[in-house]
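Have a look at the structure below before the remarks.
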């Protein structure tokens with residue numbers, strides 16, 4: 271019997287060769303590592319590396335893509351399966367895209383402005399480099415009757431009076447750099463410039479000569495007293511003292527001080543504060559300001575814009591106008607003071623006609639004369655009259671108190687919805703109802719008309735005395751607790 275022939279088992283199929291690993295990831299990592307090494311060796315500076323990465327990070331993706339494309343073409347020629355994109359490659363791409371977008375967004379910030387507002391010096395943050403100081407002195411003849419124009423991107427401007435007919439300029443520069451050699455290079459590129467064209471003399475701090483590099487230049491300027499001054503700065507304080515001419519200032523992110531000026535002044539402010547004193551002509555302030563203080567002005571005062579903090583006025587000889595998104599006010603003269611902030615308005619020694627339209631403020635008017643027109647809501651109103659003129663007060667959600675000289679003659683008409691009326695004058699007929707109250711009548715033979723309207727609050731008509739007008743400062747009279755107003759955001 272023939273034995274069965276045993277067939278050897280078939281060999282398992284050969285496993286296809288494993289595709290080679292991609293070189294894209296390692297090449298990109300090598301490029302990044304080289305740049306970090308150059309930074310550690312101080313051949314390249316970290317802030318330059320950051321700026322280059324913010325602008326050119328897509329190049330790394332392009333390199334990665336080119337390598338993957340070459341590998342794909344080579345695999346097709348050899349008939350092998352090309353290397354795919356593994357988890358490591360996906361993570362690398364995600365990391366580059368996220369880091370690149372963050373770096374690009376960060377490069378669009380004005381870090382110099384943030385640094386200025388936080389008062390950070392270069393030595394405080396190592397990767398901003400070291401801070402080096404340089405001074406530059408310039409002087410030349412100043413044409414009689416000429417106007418000075420000063421421009422600075424970053425740095426203070428201080429203008430005073432010279433003892434001769436010459437222009438004197440001292441620039442105090444602070445430069446951020448990795449070393450003194452680089453700082454000296456930036457110093458040469460940012461020398462202040464003086465240009466004379468007819469009756470205009472221009473001083474340029476020239477900090478823009480360093481491009482994106484951080485350079486601050488404070489200018490101390492002395493020139494003849496009769497010259498007018500026009501100054502502009504993006505980051506820095508401006509001070510102008512002792513002028514027999516006009517002063518115009520455009521300021522962003524700084525404090526402006528104007529004093530002893532025989533002329534007019536116009537300030538255009540953006541996130542800046544201003545202090546103006548001893549001005550013989552008109553004062554105009556516009557824009558978006560923080561604190562504003564004005565005193566001893568022989569001309570008129572015009573305020574137009576958004577005033578985020580306090581406004582203080584003292585002794586203004588001619589009309590005052592104030593316009594903002596919340597408040598519209600004008601009056602003829604201010605012999606005392608006026609303080610205005612987000613929740614209160616207090617004034618003493620105002621000469622009318624006085625017109626005020628606002629909301630969410632507690633209003634205190636002491637020693638006011640002539641006509642008074644007030645419209646308010648969500649706040650108390652208290653008026654002390656020295657010299658009676660026509661009075662019209664409208665309020666909502668707040669009490670009204672008016673103090674009239676005891677011997678003054680007037681006619682009154684008052685009405686309240688959801689409140690009561692109280693009076694010290696027996697000649698007035700007061701009718702307090704459940705929902706509505708009213709008062710009417712003539713006092714001391716009649717005279718100027720007083721009209722008062724209120725909703726959800728009381729009306730008090732009191733006998734008052736003449737309030738002395740102080741030279742300045744604050745002397746608040748007592749007032750009842752007002753209802754709590756909603757939180758305001760600006761004046």
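In this note's numbering, the protein residues as written are 271 to 761. Every residue, glycine too, gets a C-beta built ideally from N, C-alpha and C.
- Take residue 580, set aside five residues on each side of it, and the residues of its chain with a beta-carbon closer than 6 Å to its own are 561 and 611, in chain order.
- Taking every protein chain shown into account, the CB of residue 624 has 16 or more other CB atoms within 10 angstroms, so this residue is buried.
- For residue 339, no beta strand (DSSP E) encloses it; the enclosing alpha helix (DSSP H) starts and ends at 328-348.
- Rounded to whole angstroms, the separation of the alpha carbons of residue 597 and residue 362 is 56 Å.
- The three-state secondary structure of residue 454, taken from DSSP, is helix.
- Under the DSSP definition of a beta bridge, residue 474 partners with 421 and 463.
- Excluding its 5 nearest sequence neighbours in each direction, residue 551 has C-beta neighbours in its own chain below 6 Å: 533, 534 and 569, listed in chain order.
- Of the residues assessed, residue 342 falls on the exposed side of the cut-off, its CB having fewer than 16 other CB atoms within 10 angstroms.
- Pairing residue 639 with residue 538, the inter-Cα distance amounts to about 32 Å.
- For residue 645 and residue 554, the gap between their C-alpha atoms comes out near 25 Å.
- Here the alpha carbons of residue 703 and residue 660 stand approximately 27 Å from one another.
- Looking at the DSSP output, residue 672 shares a beta bridge with 653 and 731.
- Beyond the five residues adjoining it in sequence on each side, residue 601 comes within less than 8 Å, by CB distance, of 589, 590, 620, 621, 622, 623, 624 and 625 in the same chain, given in chain order.
- Beta-bridge partners of residue 618 (DSSP): 607 and 636.
- When rounded, the separation of the alpha-carbon atoms in residue 734 and residue 693 is 12 Å.
- In this structure, residue 525 lies near residue 543, with their beta-carbon atoms less than 7 Å apart.
- Counted as a single uninterrupted DSSP element, the stretch harbouring residue 449 is not any beta strand (DSSP E), since DSSP gives it neither H nor E.
- Shown here for residue 700: same chain residues with a beta carbon closer than 6 Å to its own, the five before and five after excluded, namely 691, 693 and 709 in chain order.
- In the displayed model, residue 499 falls within a strand according to three-state DSSP.
- The beta-carbon separation of residue 413 and residue 469, rounded to 6 Å, stays under the 8 Å limit for a contact.
- Distance between residue 432 and residue 495, taken at the CA atoms: about 7 Å.
- By the neighbour-count criterion, in which a residue is buried when 16 or more other Cβ atoms sit within 10 angstroms of its Cβ, residue 718 is buried.
- Contact annotation: residue 441 and residue 459 have beta-carbon atoms that are not nearer than 7 Å.
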